[in-house]
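Visitor: Heads up, the sequence shown is in the numbering used here, so the first residue is 177 and it goes up one at a time.
Below is the structure I would like to discuss, written out as structure tokens.
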Amino acid sequence: MIPAKKNILELPVYKPGKTTEQVERETGIKNAVKMASNENPFGPSPMAVDSLRSFCSEIHLYPDGDCSELKERLSEKLGFNPGRFVVGNGSNEVLELIAKVFLGPGDEAIYGAHGFVVYPIVTAGAGAKGVVSPMPFLKHDLKDFAVRITPKTRVVFLANPNNPTGTIFSKKEFEDFLEAVPKSVVVVIDEAYFEYVEDGLYPNSLDYQSAREGIVTVRTFSKIYGLAGARVGYAVASEKVASLLNRAKEPFNVSSLAQRAAAAALEDAAHCAVSRESNLSGLEYLSSQLDSLEITHTESRANFILADLGENSARIYEMLLREGFIVRPTAAYGLDTHIRITVGTAEQNAAFIAALKKVTGRAKAV
Ligand SMILES: *Cc1c(COP(=O)(O)O)cnc(C)c1O
Numbered sequence: 177m178i179p180a181k182k183n184i185l186e187l188p189v190y191k192p193g194k195t196t197e198q199v200e201r202e203t204g205i206k207n208a209v210k211m212a213s214n215e216n217p218f219g220p221s222p223m224a225v226d227s228l229r230s231f232c233s234e235i236h237l238y239p240d241g242d243c244s245e246l247k248e249r250l251s252e253k254l255g256f257n258p259g260r261f262v263v264g265n266g267s268n269e270v271l272e273l274i275a276k277v278f279l280g281p282g283d284e285a286i287y288g289a290h291g292f293v294v295y296p297i298v299t300a301g302a303g304a305k306g307v308v309s310p311m312p313f314l315k316h317d318l319k320d321f322a323v324r325i326t327p328k329t330r331v332v333f334l335a336n337p338n339n340p341t342g343t344i345f346s347k348k349e350f351e352d353f354l355e356a357v358p359k360s361v362v363v364v365i366d367e368a369y370f371e372y373v374e375d376g377l378y379p380n381s382l383d384y385q386s387a388r389e390g391i392v393t394v395r396t397f398s399k400i401y402g403l404a405g406a407r408v409g410y411a412v413a414s415e416k417v418a419s420l421l422n423r424a425k426e427p428f429n430v431s432s433l434a435q436r437a438a439a440a441a442l443e444d445a446a447h448c449a450v451s452r453e454s455n456l457s458g459l460e461y462l463s464s465q466l467d468s469l470e471i472t473h474t475e476s477r478a479n480f481i482l483a484d485l486g487e488n489s490a491r492i493y494e495m496l497l498r499e500g501f502i503v504r505p506t507a508a509y510g511l512d513t514h515i516r517i518t519v520g521t522a523e524q525n526a527a528f529i530a531a532l533k534k535v536t537g538r539a540k541a542v
């Protein structure tokens, strides 16, 4: 046996949702609807697609390893110097870089029991210890996070909104938390769904960047911008933290196609606005339909909702597949009676609810 590192042997494995093609192959169903991975049901920004078309003949050239054009656009949009950005192969890579730079054996990182599954993976990958805040009410309890800080704590991972619950913590909760956290701790605020949120209580973590050196805001082009397949995300941090993270990345970590698509998508305010508006009404629709079926769900502010089916969700998940709907079972998130449903188009949402009624027998299918 070739000896591998112990932390790698014990690494939790990320299981992605099924692709539409897999489901169609397995069930024989045509036109399955994927409501599993929080992708944008309207697809990519058309501006991004146009920009890529004209660019394909240039892919024999290495990308700009510094992502300067994209950083310039981000800088204009968000008002931070380009030197404060870190661009990654998806925000997942940015999370990896944070672990690589700040975590090692003997260190601790704190995350929620029902938080994003990538945090335990990157923590274990760096050989550090994960400290888990239990989230009994399926929301981040920042007071509980603060209590778990020890002299060994190096990083705290918080998603706001959280995946898979869609819940947010408020400005007040966040400010109280920052008061309680030593300045030496890196506070990662993963805002993958930032652009979807409409809530006066929601803190924009960029507003707190000046308060301390160790706040890292992480965002992505995979969600509202519709570029999950291109793999591009970024962080905003202090010059010092950003330069550490940039130093740890591989030289050409983001493909030229991804950089190009992201820069174009960033300018497409109309695509974002349509996606946000549609999502808000879709969330409202799904919430009220679940209410009327007496299915408990979280108060989501993101582009998905977490529903508690009150029984192991594997059976209903399989039945939904056979109706042509792919949702996300959440056992990997420690929630085995739940499914996470990505908000689709109005038409997809209505068809999904009809299928859910049918398979749960809660009401006659319409
Ligand atoms: C989807 C998601 C991401 C995005 O990951 P990418 O690597 O950018 O595709 C990051 N964080 C959370 C909490 C997510 O749900």
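Beta carbons: idealized from backbone N, C-alpha and C, even for Gly.
Computed from a prediction, not measured in an experiment: that's the story for all the values here.
Whose C-alpha, out of G409, L482, H236, V294, is nearest the C-alpha of A434?
Guide: Residue mapping note: residue 434 aligns to position 258 of the sequence shown, counting from 1. Nearest C-alpha to A434: G409.
Visitor: Around ligand 1, which residues pass a check of Cβ closer than 5 angstroms to any of its heavy atoms?
Guide: Checking every Cβ against the heavy atoms of ligand 1 under 5 angstroms gives G266, S267, N268, F292, A335, N339, D366, A368, T396, S398, G409.
Visitor: For A413, name the three-state secondary structure that DSSP assigns.
Guide: Within the sequence shown, residue 413 is the residue found at index 237, counting from 1. Here A413 sits in coil by DSSP.
Visitor: Is the number of C-beta pairs between the segment 499 to 519 and the segment 349 to 362 that are closer than 8 angstroms three or more?
Guide: With a cut-off of 8 angstroms, the segment 349 to 362 and the segment 499 to 519 do not count as touching, because too few Cβ pairs lie within range.
Visitor: Beta strand (DSSP E) containing H514: first to last residue?
Guide: Position 338 of the sequence shown, counted from the first residue, corresponds to residue 514. Segment 511 to 518, the beta strand (DSSP E) holding H514.
Visitor: Which first and last residues belong to the beta strand (DSSP E) in which P505 is found?
Guide: Taking the first residue of the sequence shown as position 1, residue 505 is located at position 329. Unbroken beta strand (DSSP E) run through P505: 504 to 506.
Visitor: What is the rounded straight-line gap between the Cα of R395 and the Cα of E202?
Guide: The sequence position of residue 395 within the sequence shown is 219, counting from 1. The sequence position of residue 202 within the sequence shown is 26, counting from 1. Approximately 34 angstroms, taken between the alpha carbons.
Visitor: Applying the criterion that 16 or more other CB atoms from any shown protein chain within 10 Å of the CB defines a buried residue, is D383 buried or exposed?
Guide: Position 207 of the sequence shown, counted from the first residue, corresponds to residue 383. Flag for D383 reads exposed.
Visitor: Let me check understanding here. Comparing Cα to Cα, which of E200, V430, S464, L442 lies closest to D240?
Guide: Working through the sequence shown from its first residue, we reach residue 240 at position 64. Ranking the options by Cα distance to D240, first place goes to V430.
Visitor: Taking all protein chains shown into account, decide if D375 is buried (16 or more other Cβ within 10 angstroms of its Cβ) or exposed.
Guide: Taking the sequence shown and counting its residues from 1, one reaches residue 375 at position 199. Exposed, since its Cβ has fewer than 16 Cβ neighbours within 10 Å.
Visitor: Alpha carbon to alpha carbon, how far is K276 from R330? Give it in angstroms, no decimals.
Guide: In the sequence shown, the residue the question calls residue 330 occupies position 154. In the sequence shown, the residue the question calls residue 276 occupies position 100. Looking at the two C-alpha atoms, the distance is approximately 12 angstroms.
Visitor: Does the segment 316 to 333 come close enough to the segment 281 to 293 that 3 or more CB-CB pairs lie under 8 angstroms?
Guide: The segment 281 to 293 is in contact with the segment 316 to 333.
Visitor: Got a sec, what are the start and stop residues for the beta strand (DSSP E) V262 sits in?
Guide: Taking the first residue of the sequence shown as position 1, residue 262 is located at position 86. Looking at the DSSP string, the run of the beta strand (DSSP E) that includes V262 is 261 to 264.
Visitor: Between Y509, G219, F278, which has its C-alpha nearest R423's C-alpha?
Guide: Here residue 423 refers to the residue found at position 247 when the sequence shown is read from its first residue. Closest option to R423, Cα to Cα, is F278.
Visitor: Whole angstroms is fine: what's the gap from A541's alpha carbon to V308's?
Guide: For this step, residue 541 is matched to residue 365 along the sequence shown. For this step, residue 308 is matched to residue 132 along the sequence shown. A caution first: A541 carries a pLDDT of 45, below 50, which makes its placement in the model too unreliable to give a value.
Visitor: Is it true that the CB of A527 sits closer than 7 angstroms to the CB of K533?
Guide: As a first step, residue 533 is located in the sequence shown; it is residue number 357 there, counting from the start. As a first step, residue 527 is located in the sequence shown; it is residue number 351 there, counting from the start. No, they are not a contact pair.
Visitor: Could you check which residue in R491, A522, R324, A180 has the C-alpha nearest to that of F353?
Guide: For the purposes of this step, residue 353 is taken as residue 177 along the sequence shown, with counting starting at 1. The candidate whose alpha carbon is nearest that of F353 is R324.
Visitor: With DSSP collapsed to three states, give me the class of F480.
Guide: Here the question's residue 480 lines up with position 304 in the sequence shown. Looking at F480 - three-state DSSP - the assignment turns out to be strand.
Visitor: Cα separation between D242 and A368?
Guide: In the sequence shown, residue 242 corresponds to position 66, counting from 1. In the sequence shown, residue 368 corresponds to position 192, counting from 1. Using only the alpha carbons, I get a separation of about 22 angstroms.
Visitor: Scan the segment 211 to 290 and note each continuous alpha helix (DSSP H) run of 4 residues or more that stays entirely inside, going in chain order.
Guide: Fully enclosed alpha helix (DSSP H) runs of 4 or longer: 222 to 229, 244 to 254, 267 to 278.
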